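In what follows, a structure is listed as structure tokens, so that the remarks can point back to it.
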Amino acid sequence: MGNQVVGTPPALAPWPSSDLPRRETLGAWCDRTLGTSIVETLNRELVKWASAFLDEGEVSWSMPEREQTFYRAWKTLARHDLTLRLLGISEAPAKIQALPHRPEEALLQSLMQLGIPKSAWEEYLARHLSAMPGWSGYIKWRAHQSDHPWQEQFPIDLVKYLAVRLFYERELVDQACRSQLGLAGNTGDIAAYIDHHPHAYWFRREWIAGRLSSDATAIGKNLAASDRRHDHAQWEEAGRRQYEAVLNEHQARAIRRGADRLLRLAQALSVPLESVVTTAPSDARTILQWLEDFPPSHHGAVWLEAFEGSHRHQLLSELQTAAQQPPSTPSLGEGDSGSRPLAQVVFCIDVRSEVFRRHLEDRGGYETLGLAGFFGVPLYYQPFNAHHTVTHCPVLLKPKNHVRELPRSYHGVLAERHKTAAQLAEAAHTLLHDLKENVVTPYVMVEALGWFFSLPFFGKTLLPRWYHAIGRWLREMLTPAMATTLTVDKLSREEAEEMVAAEQRGQIREILRARFGLSGPTLSPTLLESIRRNALGQADPTGSEVAALLSLTTENEQALYRDLREHQRISPRGVSERLDRITQTGFSVSEQTYFVEAALRLMGLTSNFSRMVIFCAHGSTSQNNPYESALDCGACGGNQGLPNARAIAAMANHPAVRAQLLARGITIPGDTHFLAAQHDTTTDRVRIVDLEDVPATHRKDLQRLLTDLDEAGTQASLERNRALGQVAAPSDSRRSRLLAQRRSEDWSEVRPEWGLSRNSAMIIGRRALTQPVDLRGRAFLHSYDHRQDASGKLLEAIMTAPLVVAQWINMEHYFSTVDNEVYGSSSKVYHNVVGRIGVMTGVWSDLRIGLPAQTVLNGGEPYHEPMRLLAIIEAPPARIRAIVDRHPLLEQLFRLRWVTLVALDPQDNRFYHYDPSGEWRGGDTNDARVHTASHEGN
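Numbering of the sequence shown is given in this note's numbering, commencing with residue 157 and proceeding in unit increments.
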């Protein structure tokens, strides 16, 4: 009652009975009115069935009948589920058998039986979906992935999910209502009960919620436990008496509450007690009404505004000072040939890169740039010895090109060694898995191999650094490091056709050796090509020679061709599919030129190239971490970005690409070499790859670069250790490195790094704007030169992709911090991986969404400061405004204040704030004057 408005008596019902299906599900109504646990039961049952159905190889014995779809598999199996009897659902097998064959009809049947009016269906079903947003969200996502292999084989969607859920609800609600109220479990009967017995309804809800006195609670227990539980008249009379007692106490409580609020307000404002006592009653009521008009639920928005405003003012003040200072180093494209940097290093816009960039620049002679970590090259990547491709681009995009990792040509023997080792490892893994999951063998295996498993257990737990060092030594001894390359260049149609023909001739050669014992000169290229063409249905006059040479009858010859078509896929369709795969591998020269030019222009790097330009991707290293992909590159789909860096570096080194770039106005000097590298954000070590391709003339520069990268990593590691509470002395670089290394290798470490926590801003502009400022690893930095983008197309690409993704990341951290139990995933300590699709808390729960507590909280207190993203763009305000007006998504983000937009006008070096009304205001960070930016100059 304490939260009621002064003078307003407590309501008998929280809302009109006609609004019931829009306000809560009938299961939730029973829980709050009758003390049942229907919602929890629904959740448990749906977790049980959904986790079994959605499993992608985690369990040993998979759910049968999954190919029938989720609803039909449940309908087939649930009839034998003893849980239904324990829940008290009578004649459950017969009821399930009688359900319609189609889930849509079953869902409609349940809605009708529950009495949900058609006008309330959407809201009612939305409440059911929001009961477990993790599972329902994943089901919706998978249903929309038409090419998802598991979805193709085992279909599921929200209709099927809801059809199962509402069957349980209709049965459990009906059972509870008949048992405790003596009425049917549908909206009509429940609404009539609320209208005819309002005091009984109020009494039940207050009693179940624990808001009544001990005497009233005892009355409720006696009524519920006796044979009078269906006697609505007695419940109504008991409720009336208790309600009248509450009304009598309400006015006195309201007066006491008002006086208490006035006293606390006076203390907060340092008003003397005498002034409070002498305040006129009318004035006191006015003050109390002000407090009612500004309830605690509105306080958070004010505190958030103040919190964000303080941070915004501090950051903009620092940037304003930097903007008014002359740059200490020439901006990109401004230097002459004599002021080339030692190297230009392109990092991801990730906030963790800011720390490393700052320390690398402190070494002197380096320019750093920021670009989305897939470097503008969306691709499917297949590592060497891997069976499947991985998507390396933001979720907003879908790649068209495939890239494979292959051993370099001089590693033939070593490549075979790697293949053999991979096959043996896979066979051993399969054998071990089968032994562990068999019904009988685990008992024997524990006795025979238990001691062997104790070695990695104690090693990972007590000596993780030594354990991993020994593991690396053994791997290097068995399979030494091997140089690889990527299939960046696309084959022509003729080359692809010849490759397919060569593969097919090889298949035919092996079959002839195995079946007919032929070898040597007998298997001439002419014979193999003749057989291949006949199998493809291409007429060949030498067909009779094939039969004669192989001593085959006409029937046997045709049987050979059928076998080649059906089992070896040497058929027109097989050729077409293989050609499609080959032509999707790699990039044409025009495609390569497009991607390289787009990346360079987005960053403003179109002149004054250094001798070395490094595309530095990033990834992380951790053990026993289901959230590892959250620490990798979001722009690469949660994968490590090295393949993208290698691809664009190879493209930029291609002579034909450089020739086309020259024709488009970008001149890359002949001595400029592009390299690929990867920054490990956990250990702050940078690894440069494809060193075999570096010219001998660059070796000295490369050595200095490696030294400076190592030193910058040491300083960055010291800074991160302080943030993690693992302080090392500034001079103790070795200890700092060891601390970071241990975090990356310790399988008990729940926080290998802070990831993107504390992100608060995205700055789009030249590095000269931010270089003098220590941004403390809190800002996404995207390079952009407004002087090279008169049309605004480059800025539009940045604002509609990287900026949107940065806002997603910001909101993920924001909501995971403000309520980690609801919008985050709570503590990692209690997580269990389920179905290889996500994690649950304990043995059953919703599929957890958001980030774990260890990512955003420090000892229960927020480490991430939850604030909405501040976007600062160095460009004419009118150019920015035009882009916003063209894109409803951006307009929504800025006008609804999910993102605060600030423009740095290059003409006057003043900041302008984008107002929700669509106007620009400011100059000074606290200036409320409004300026309309109507042209490029203002």
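Backbone N, C-alpha and C fix where the C-beta goes; we use that ideal spot for every residue, glycine too. Computed from a predicted model, the values in this text were never measured in an experiment.
Using 7 Å as the threshold, is the C-beta distance between residue i and residue j below it?
| i | j | result |
| --- | --- | --- |
| Thr1060 | Phe1067 | In the sequence as presented, Thr is not what sits at residue 1060; that position holds Leu. It is a contact, given that the beta carbons lie within the stated cut-off. |
| Arg496 | Ser766 | yes |
| Arg560 | Thr643 | yes |
| Ala801 | Ala773 | yes |
| Ala319 | Leu263 | yes |
| Glu510 | Ala935 | yes |
| Arg361 | Arg188 | yes |
| Gly797 | Gly526 | no |
| Thr739 | Ala652 | yes |
| Val906 | Lys984 | yes |
| Leu447 | Arg468 | no |
| Ser982 | Leu1007 | no |
| Gly911 | Leu787 | yes |
| Ile1036 | Ile1028 | no |
| Arg757 | Leu950 | yes |
| Ser778 | Pro612 | no |
| Ile726 | Ala670 | no |
| Phe283 | Thr181 | Looking at the sequence shown, residue 283 is not Phe but Arg. Cβ distance < 7 Å, so Arg283 and Thr181 count as in contact. |
| Phe771 | Ala812 | no |
| Thr762 | Ile822 | yes |
| Ser1097 | Thr870 | Past the boundaries of the shown model lies residue 1097; the chain is included only from 157 to 1094, so the question cannot be answered. |
| Gln301 | Gln309 | no |
Would you list the one or two residues that DSSP bridges to residue i?
| i | result |
| --- | --- |
| Met288 | DSSP output for Met288 lists no bridge partner at all. |
| His774 | His835 |
| Leu817 | Leu817 pairs with nothing; no bridge assigned. |
| Gln538 | Arg560 |
| His987 | Thr997 |
| Met768 | His829 |
| Asn795 | Cys789 |
Below 8 Å on the Cβ atoms is my guess for residue i versus residue j; work out the distance and round it to an integer in Å.
| i | j | result |
| --- | --- | --- |
| Leu379 | Ala365 | Not confirmed; about 16 Å, so no contact. |
| His938 | Ile505 | 5 Å |
| Val990 | Glu214 | 7 Å |
| Ala703 | Glu713 | 5 Å |
| Gln500 | Val769 | 5 Å |
| Leu198 | Arg321 | 6 Å |
| Asn915 | His969 | 6 Å |
Once DSSP output is grouped into helix, strand and coil, what is the label at residue i?
| i | result |
| --- | --- |
| Leu834 | Note on identity: in this sequence residue 834 is Gln, with Leu being the wrong assignment. Three-state result, Gln834: strand. |
| Ala424 | helix |
| Leu690 | According to the sequence provided, residue 690 is Asn. The question's Leu does not apply to it. Looking at Asn690 - three-state DSSP - the assignment turns out to be helix. |
| Arg1024 | coil |
| Arg1175 | There is simply no residue 1175 to check, as the chain begins at 157 and stops at 1094 in what is shown. |
| His829 | strand |
| Leu642 | strand |
| Asn378 | helix |
| Arg843 | strand |
| Ala169 | coil |
| Glu523 | strand |
| Gln481 | coil |
| Phe743 | strand |
| Asp866 | helix |
| Val501 | strand |
| Trp903 | coil |
| Gln637 | The question names Gln, but residue 637 in the sequence shown is Ala. In the structure shown, Ala637 sits in coil (DSSP, three-state: anything other than H, G, I, E or B). |
| Tyr623 | helix |
| Phe450 | coil |
| Asn342 | coil |
| Pro177 | helix |
| Phe530 | coil |
| Thr698 | The predicted position of Thr698 is uncertain, since its pLDDT is 49 and thus under 50; a value taken from the coordinates is nonetheless stated next. In this structure, Thr698 counts as coil in the three-state DSSP scheme. |
Within 7 Å of any Cβ in chain B, is that where the Cβ of residue i sits?
| i | result |
| --- | --- |
| Ala791 | Any reference to chain B falls outside this structure, which holds one protein chain only. |
#### Entry: beta strand (DSSP E) segments (min. 3 residues) lying fully within the segment 542-598
546-548, 558-563
### Secondary structure, alpha helix (DSSP H): runs of 4+ residues fully inside the segment 238-262
239-242, 248-253
### Query
What alpha helix (DSSP H) runs, 4 residues minimum, are completely inside the segment 997-1060?
DSSP runs (the alpha helix (DSSP H)) wholly in the segment 997-1060: 1009-1012, 1033-1042, 1044-1051.
### Query
Taking only runs of the alpha helix (DSSP H) that begin and end inside the segment 908-971, which ones reach a length of at least 4 residues, in chain order?
923-926, 949-956
#### Entry: alpha helix (DSSP H) segments (min. 4 residues) lying fully within the segment 264-323
277-287, 289-299, 305-309
### Query
For the segment 718-743, which segments carrying the alpha helix (DSSP H) assignment without a break, of at least 4 residues, lie completely within its bounds, in sequence order?
Listed in chain order, they are 728-739.
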